[in-house]
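Using my numbering, the letters of the sequence shown correspond one by one to residues 17 to 127.
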Amino acid sequence: MAKVEIGEIDFGTRRKYDLMKISRELFRLMMNDPTCDYATLEEMFAFEEMQHYDPEEVSKAVDELTGKEDYNNLLIEIVKPYGKVYAVNKRRIPEMMFTYQPWGFHEMTGM
């Protein structure tokens, strides 16, 4: 089964965005694993793939992906009574061009 391998995101005639490594990892995780979508920051800190990062680094990645930088809301912020939840902005997906590769392609090929 192929999963989305996020490297550089290309919005066609718009700009290309080269995200921080942690942002790519977090976005790929949220795109590919439905249990990781619609998560609070605290839940993201607990994701197995994010545990080798400091909470501050995860927070910076969320800031980058929510558009607080110049990345046009790849994640959206939803305010709930219990706090903020972050989700993949599904309206942006058709505009994106991804490289589809088998999960772990880079580890297998060394690329």
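Ideal Cβ placement from N, Cα and C applies to all residues, glycine included.
Check whether residue i and residue j have beta carbons under 8 angstroms apart
{"i": "residue 45", "j": "residue 65", "result": "yes"}
{"i": "residue 104", "j": "residue 60", "result": "no"}
{"i": "residue 62", "j": "residue 101", "result": "no"}
{"i": "residue 108", "j": "residue 81", "result": "no"}
{"i": "residue 57", "j": "residue 75", "result": "yes"}
Which of helix, strand or coil DSSP assigns to residue i
{"i": "residue 35", "result": "coil"}
{"i": "residue 28", "result": "In this prediction, residue 28 scores a pLDDT of 48, lower than 50, which makes its location untrustworthy; no coordinate-derived value is stated."}
Closest by C-alpha distance to residue i, when choosing among the options
{"i": "residue 37", "options": "70, 57, 77, 58", "result": "77"}
{"i": "residue 67", "options": "41, 92, 97", "result": "41"}
{"i": "residue 106", "options": "99, 92, 97", "result": "92"}
Start-end ranges of the beta strand (DSSP E) lying completely within the region 44 to 110, minimum 3 residues: 91 to 96, 99 to 104
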